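Numbered continuously in numbering that gives the first Met the number 0, the first sequence closes out at residue 759.
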Amino acid sequence: MTPPAQQQLFDDDPLPWELAAEEDVECAEVVFNRPMEQAFSYLVPEAWRGKLRAGQRVRCPFGRGNRPLTGYCVGFSRPKNTGKLKSLLEVIDREPLLNQHMLDLTQWIGERYLCSWGQALNTIIPAGVKNYAGTRMRTYFSIDEEALARVGETNLPTKQAAVIAALRAAKEPLQSKEIEQSADCGSGPVNGLKNKGILRVTRRRAATSPPSTDAVEREQDLTLNPEQLTALEKILQPLRSQKHETLLLHGVTGSGKTEVYIQAIREVVSYGRQAIVLVPEISLTPQTIRRFESRFDSVAVLHSHLTDAERHRQWKLISSGNVQVVVGARSAVFAPTTHLGLIVIDEEHETTFKQETTPRYHAREVARQRAKMAGIPLILGSATPTLESYARARRGIDQLITLKKRVSDLPLPPVSAVDVRNDPRCVSGSGIGRAIQTAIRAAVEDGGQVILFLNVRGHSPVLWCKACGEGIKCPNCDITLTWHKDRHLAMCHTCEFAIDPPKTCPRCGHAAVRYFGIGTQRLEEEVAAKFPRYKCLRMDSDTMRKRGSYETALDAFRKGEVQILLGTQMIAKGLDFPNVTLVGVIDADTILHQPDIRAAERTFQLIAQVAGRAGRSSKGGRVLVQTSSPDEPAIQFATAHDYVGFVHAEIQHRREMQAPPFWHLARVILRGLIDDEVVEFSNSMATVLRKAAEESDLPVRLLGPAPAPIMKLNKFYRHHFQLAAEQAETIQKLWRSVATKLPKSSNVEYVVDVDPLNMR
DNA sequence: AGCACGCCGACT
DNA sequence: GTCGGCGTGCTC
Numbered sequence: 000m001t002p003p004a005q006q007q008l009f010d011d012d013p014l015p016w017e018l019a020a021e022e023d024v025e026c027a028e029v030v031f032n033r034p035m036e037q038a039f040s041y042l043v044p045e046a047w048r049g050k051l052r053a054g055q056r057v058r059c060p061f062g063r064g065n066r067p068l069t070g071y072c073v074g075f076s077r078p079k080n081t082g083k084l085k086s087l088l089e090v091i092d093r094e095p096l097l098n099q100h101m102l103d104l105t106q107w108i109g110e111r112y113l114c115s116w117g118q119a120l121n122t123i124i125p126a127g128v129k130n131y132a133g134t135r136m137r138t139y140f141s142i143d144e145e146a147l148a149r150v151g152e153t154n155l156p157t158k159q160a161a162v163i164a165a166l167r168a169a170k171e172p173l174q175s176k177e178i179e180q181s182a183d184c185g186s187g188p189v190n191g192l193k194n195k196g197i198l199r200v201t202r203r204r205a206a207t208s209p210p211s212t213d214a215v216e217r218e219q220d221l222t223l224n225p226e227q228l229t230a231l232e233k234i235l236q237p238l239r240s241q242k243h244e245t246l247l248l249h250g251v252t253g254s255g256k257t258e259v260y261i262q263a264i265r266e267v268v269s270y271g272r273q274a275i276v277l278v279p280e281i282s283l284t285p286q287t288i289r290r291f292e293s294r295f296d297s298v299a300v301l302h303s304h305l306t307d308a309e310r311h312r313q314w315k316l317i318s319s320g321n322v323q324v325v326v327g328a329r330s331a332v333f334a335p336t337t338h339l340g341l342i343v344i345d346e347e348h349e350t351t352f353k354q355e356t357t358p359r360y361h362a363r364e365v366a367r368q369r370a371k372m373a374g375i376p377l378i379l380g381s382a383t384p385t386l387e388s389y390a391r392a393r394r395g396i397d398q399l400i401t402l403k404k405r406v407s408d409l410p411l412p413p414v415s416a417v418d419v420r421n422d423p424r425c426v427s428g429s430g431i432g433r434a435i436q437t438a439i440r441a442a443v444e445d446g447g448q449v450i451l452f453l454n455v456r457g458h459s460p461v462l463w464c465k466a467c468g469e470g471i472k473c474p475n476c477d478i479t480l481t482w483h484k485d486r487h488l489a490m491c492h493t494c495e496f497a498i499d500p501p502k503t504c505p506r507c508g509h510a511a512v513r514y515f516g517i518g519t520q521r522l523e524e525e526v527a528a529k530f531p532r533y534k535c536l537r538m539d540s541d542t543m544r545k546r547g548s549y550e551t552a553l554d555a556f557r558k559g560e561v562q563i564l565l566g567t568q569m570i571a572k573g574l575d576f577p578n579v580t581l582v583g584v585i586d587a588d589t590i591l592h593q594p595d596i597r598a599a600e601r602t603f604q605l606i607a608q609v610a611g612r613a614g615r616s617s618k619g620g621r622v623l624v625q626t627s628s629p630d631e632p633a634i635q636f637a638t639a640h641d642y643v644g645f646v647h648a649e650i651q652h653r654r655e656m657q658a659p660p661f662w663h664l665a666r667v668i669l670r671g672l673i674d675d676e677v678v679e680f681s682n683s684m685a686t687v688l689r690k691a692a693e694e695s696d697l698p699v700r701l702l703g704p705a706p707a708p709i710m711k712l713n714k715f716y717r718h719h720f721q722l723a724a725e726q727a728e729t730i731q732k733l734w735r736s737v738a739t740k741l742p743k744s745s746n747v748e749y750v751v752d753v754d755p756l757n758m759r
């Protein structure tokens, strides 16, 4: 890739006398962590010429005041006239932080996600790498043999001779402390030798603490069933011919996708190459990590709970080429591997692969681009692939591989929708309807375990005034407060706001505040009241605050100390408990009724994923889904385990709606403290874009502006509009063409979300 | 994004 | 007459 075309400052031809000097003038192309498209050229000082490499950070005088600013060297150029260029001040890194592949990838991210190259670079390099966390500059001593020979080794005092002997024995430069220890002396002899010039002094970075290494017991690869073997064969083809291809591995829950990945990685490792495995943060559990560590010699793990120093160490380890497999969450797609051979994305449909801050990249798309640039395969695995991925496979752009059977040869559990519209208990406000209650009783009395899923935390999600009929909202947000009985607080789930529950309505003053709706806390009470003889455990982000509590809770469930596990999203994925014979979805409609084009898709995914937790042993199992919309296609197809049927229906709907995956979207979200200002600004911004689209004849639709679904968030009023086009590049082109002409405001800020998943 | 330059309102 | 408001445009 070539650096972005920079503004041509010097288009006059060079004078003859300038040419000679130019021969050895090298300019560094530098990008900054600022929303500026261009790269800037700087002269490289003599001392650095030929040594500076792309991927290193440099300090540069910037702007009229020549204030020093850190930038990334992304390449070199030889401008015709260098007269007006400034010189860079300093090179920050001894070694490039990134290789050329990653530079190219970050440039692509900038283009694709509408931010600058510098911003993309800055966000993908971990803070711990940028500040060399966990290392210190240390002084090392080695013998200057010539100087020693001049003095004569035999003429040295005993202690100094011991120092020389210690260094000889070590065969590598040592720190003063280390010498003192092995020569059994103080710092005197070392300093003495240093002052005589016999010891050479070098300064370099070293880790402050040695890495902890707990050995993991090695395990053999499992035997694949015929279906898995066929899948593996299909993956090995592009792997062996070293070409890029995306393979969508659609396998039902429990079909053994991970084992297929592992054996594909085994092949990659045998070529001396590395693999990256991306998993959603939530499934980055010790079990998952152990699963990989027990199969490969060197596994690096990247997750959000690493300290800066640990992350830095992992990054260095990976970039030294001494790691076979990198397992990590979203950002691990940027792991600086030296010879990447394969990328795997497990649970491809998970929304956590989308970053919600600039650049708002999707790890799947970044992985696709990285794999394409590196000429290697990409595997996407899921029991419920996104429509985006499935549509590509159906059109033959990607290869579809299907695993229809569970490895254990056990059937998928029967799933039934329970219509709660006429259930007396649910109508009167209970979470657990008749059918689920009967099923729970049967399951626990039979010695089985139960998982209950409810996607609402807290006790009651709605505080409501009976007198004026209004929900009680957060003063900072357009969100009703949730009653948290355990902490005795009415809380806002989108900002930090929490108050003692109001006894009187803040609007009309009547003492008529009622609590409505069911959250996990209330469900827990209900279960405890209905099944007092059985132990119930609640898992949501309120009870899972402490580090390790997740593992402790799951351990208790695994050991059978707990019979009923209830919780939010976090218990929907990946858990494998053979003794679970019943899974209950308390309310399938919460997601279904969201004003989001993907509401049906998410509902289907959720039911399919939750259902996958049941029937994982010969004891069998069943799934009950409470809903008020039993006729909704998403629910019907989910109860029939009919992914393909659902997708075909939904894809038709998306086509008609001109929605993804047929159309690409970019969402512009604007916010400010004064509503009118935000309205006015979004209108003027949309007008500029609409006009530019018309004049340039680019086929882009502009939808909106309109108030965002959450109109007020954290005191900010929010509005948004969308750009839609059949080609992602069309939106990029339009945006690029107007980027400098967009209006500016000091009171309204905005972000662009390319391929948005979260529409709130 | 910063930051400087520049052109119009309420103060010594 | 000047201090300072934030609109505009540039940064190698």
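Beta carbons are placed, not taken as given, at the ideal position from N, Cα and C, and that holds for glycine. None of the values given here were measured: they were computed from a predicted structure.
- [ ] Can you tell me which of the three DSSP states F636 falls into?
- [x] helix
Task: Strand pairing of Y139, partner residues [DSSP] - done: T201
TODO: Could you pull out every unbroken beta strand (DSSP E) segment of at least 3 residues lying fully inside the stretch 698-726, listed in chain order?
DONE: 700-712 and 715-724
- [ ] Please report how far the alpha carbon of S407 lies from the alpha carbon of G253, in whole angstroms.
- [x] 8 Å
Task: Neighbour-count burial assignment, M758, 16 or more Cβ in a 10 Å radius - done: buried
TODO: Pull up the DSSP beta-bridge partners for G196, would you.
DONE: Per DSSP, none; premise fails for G196.
TODO: Could you check how far apart the C-beta atoms of G54 and P95 are, in whole angstroms? I think they sit under 8 Å.
DONE: 3 Å
Open item on the list: Does Y71 come out as helix, strand or coil in the three-state DSSP assignment?
Closed with: strand
TODO: Closer than 6 Å by C-beta to P125: which residues in its own chain qualify, once you throw out the five before and the five after it? Chain order, please.
DONE: R310
TODO: Measure from the alpha carbon of S628 to the alpha carbon of each residue in G619, T638, R621 and G620, then state which is nearest.
DONE: T638
- [ ] Below 8 Å on the Cβ atoms is my guess for A438 versus L581; work out the distance and round it to an integer in Å.
- [x] 5 Å
- [ ] Determine the DSSP secondary structure at K690, reduced to helix, strand or coil.
- [x] helix
Open item on the list: Taking 8 Å as the threshold (C-beta atoms), are V677 and Q562 in contact?
Closed with: no
Open item on the list: Suppose the cutoff is 7 Å on Cβ atoms and the five residues either side in sequence are ignored; what does the same chain contact list for C507 look like?
Closed with: C464, A466 and C467
Task: V251 - DSSP class collapsed to helix/strand/coil - done: coil
Open item on the list: Given this structure, state the Cα-to-Cα distance separating R290 from V343, to the nearest angstrom.
Closed with: 15 Å
Task: Whether V57 touches W116 by CB criterion (8 Å) - done: no
Open item on the list: Taking 6 Å as the limit between beta carbons, can you name the residues of its chain near K714, skipping five residues before and five after?
Closed with: N475
Open item on the list: Less than 8 Å between C-beta atoms, sequence neighbours within five positions excluded: which residues of the same chain meet that for I596?
Closed with: R653, M656, A658, P659 and M758
Task: Exposure label - N121; buried when at least 16 CB within 10 Å - done: buried
TODO: Using the Cα positions of V750 and I668, report the straight-line distance between them to the nearest angstrom.
DONE: 5 Å
Open item on the list: Do T503 and L712 have their beta-carbon atoms positioned less than 8 Å apart in this structure?
Closed with: no
Open item on the list: Please classify P742 as buried or exposed, where buried requires at least 16 other C-beta atoms within 10 Å of its C-beta.
Closed with: exposed
Open item on the list: Along the chain, where does the beta strand (DSSP E) containing D803 start, and where does it finish?
Closed with: The structure shown does not extend to residue 803, since the chain is modelled only from 0 to 759, so the question has no answer here.
Task: For M538 and V687, the rounded distance between their alpha carbons - done: 48 Å
TODO: Report the residue from T567, R294 and Q635 whose alpha carbon sits nearest the alpha carbon of I450.
DONE: T567
Open item on the list: Comparing C-alpha positions only, which one of G547, S381, T337 and R203 sits nearest to E349?
Closed with: S381
Task: 3-residue-minimum beta strand (DSSP E) runs that sit fully inside the stretch 471-512, ordered along the chain - done: 481-483 and 488-490
Task: Separation of T69 from R33, as counted between CA atoms - done: 11 Å
Task: Cβ shell of E21 (< 6 Å), same chain only, five flanking positions each side left out - done: For E21, the predicted model reports a pLDDT of 45, less than 50, meaning its position is unreliable and no value from the coordinates is stated.
Task: Delimiting residues of the alpha helix (DSSP H) encompassing Y642 - done: Y642 to M656
Open item on the list: Would G127 and A206 be called neighbours here (beta carbons separated by less than 8 Å)?
Closed with: no
Open item on the list: Please tell me whether A598 and W662 are closer than 8 Å, where the distance is taken between their beta carbons.
Closed with: no
- [ ] Please name the residue or residues paired with E524 in a DSSP beta bridge.
- [x] DSSP output for E524 lists no bridge partner at all.
Open item on the list: Quick check on DSSP: helix, strand or coil for A263?
Closed with: helix
Open item on the list: In this structure, how does DSSP classify L231 when only helix, strand and coil are distinguished?
Closed with: helix
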